[in-house]
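Some notes on the structure that comes next.
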Amino acid sequence: MKAVRKAVWISFFVALVVVNALAEAMDYFANVQVAMFYRLTFVLSITVVAAIFAGSTLLVSKLGAERPMSGQFRPREVLACLEMKKTRCTDGAVAGLLGIQRNDLGRILGPKRPASSWVVSASTHRPTGYEQDEMHPDLYQNEQVIDSPEDLKKFIYACRKKQSAPNSIF
Numbered sequence: 480m481k482a483v484r485k486a487v488w489i490s491f492f493v494a495l496v497v498v499n500a501l502a503e504a505m506d507y508f509a510n511v512q513v514a515m516f517y518r519l520t521f522v523l524s525i526t527v528v529a530a531i532f533a534g535s536t537l538l539v540s541k542l543g544a545e546r547p548m549s550g551q552f553r554p555r556e557v558l559a560c561l562e563m564k565k566t567r568c569t570d571g572a573v574a575g576l577l578g579i580q581r582n583d584l585g586r587i588l589g590p591k592r593p594a595s596s597w598v599v600s601a602s603t604h605r606p607t608g609y610e611q612d613e614m615h616p617d618l619y620q621n622e623q624v625i626d627s628p629e630d631l632k633k634f635i636y637a638c639r640k641k642q643s644a645p646n647s648i649f
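Numbering follows this note's numbering, with no gaps: position 6 of the sequence shown is 485.
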C-alpha cells in the first residue's frame with residue numbers, strides 16, 4: 480500500500496508542476512481566460528487526487544480496525560463466543576457474518592493463535608495453516624461446526640443473551 484501512496488503523491492506533484500507551468504505560460508502570453516481554466520483544472524485535479532488518497536487511506540484503516548464490519552458483530556466478539564462455547568466455525572460463515580471476503584479474514588483475525596483457531600476450513604474442519612501449538616487445546620472437544628452466517632448469527636445472539644443474563648442465586 481505504501482507504493483500506491485507514493486505513486487499517488489508523485490503523480491500529484493507532477494500534475495501540480497505541469498498545470499502551474501501551463502497557467503504561468505498562459506498568463507505570460509496574456510491569455511488570462513485560458514490561464515484561469517488551467518488553474519481551475521488544477522484545483523479540481525487536487526481535489527480528485529486528495530479524495531482518492533483519503534479513500535484509500537480510509538479503506539486500509541477500516542480493514543485492520545476492530546469494529547463491526549457488517550454493523551453489529553466484532554471479530555473479537557465472534558472469537559470470544561466460539562471459545563466460550565468451545566465451538567468451531569467455518570471461515571466462510573465468519574466472513575459472511577462480518578461482511579468481508581474470506582481472503583481478508585486472516586488479516587482481520589490477526590496472527591495465528593489459539594483464540595483464532597476456532598475458525599476452520601469448511602472442507603477439513605481444521606484451522607488452515609496452524610501448527611499444533613497454535614491451536615486451542617479444546618478445539619476438538621465439541622463435534623459441532625457452524626457452517627453458515629445465519630447459524631453463527633443465532634449462536635452469537637445466544638452467547639450475548641447468556642452473558643447479559645443476571646446470575647441467579649437459586
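A virtual CB, placed ideally from N, CA and C, is assigned to each residue, including glycine. These numbers were taken from a predicted model, which means no experiment stands behind them.
CA-to-CA distance, Gly575 to Pro616, given in whole angstroms: Whole-angstrom Cα-Cα distance: 26 Å.
Exposed or buried, Thr603, counting other C-beta atoms within 10 Å across all chains shown (16 or more means buried)? exposed
Mind checking Trp597: buried by the 16 CB within 10 Å criterion, or exposed? With 16 or more other Cβ atoms inside 10 Å of its own Cβ, Trp597 counts as buried.
Counting beta carbon pairs with one atom in the segment 584–599 and one in the segment 558–573, are three or more of them shorter than 8 Å? yes
To the nearest angstrom, how far is the alpha carbon of Val624 from that of Arg553? When rounded, the distance between both Cα atoms is 20 Å.
State the CB to CB distance for the pair Cys560 and Cys638, rounded to an integer number of angstroms; the pair is presumed to be in contact (CB under 8 Å). 4 Å
Under the three-state DSSP convention, the category Ile579 falls into: coil
Beta carbon of Met563, beta carbon of Pro593: below 8 Å? no
Would you mind reading off the limits of the beta strand (DSSP E) that contains Arg567? For Arg567, the enclosing beta strand (DSSP E) begins and ends at Arg567 to Thr569.
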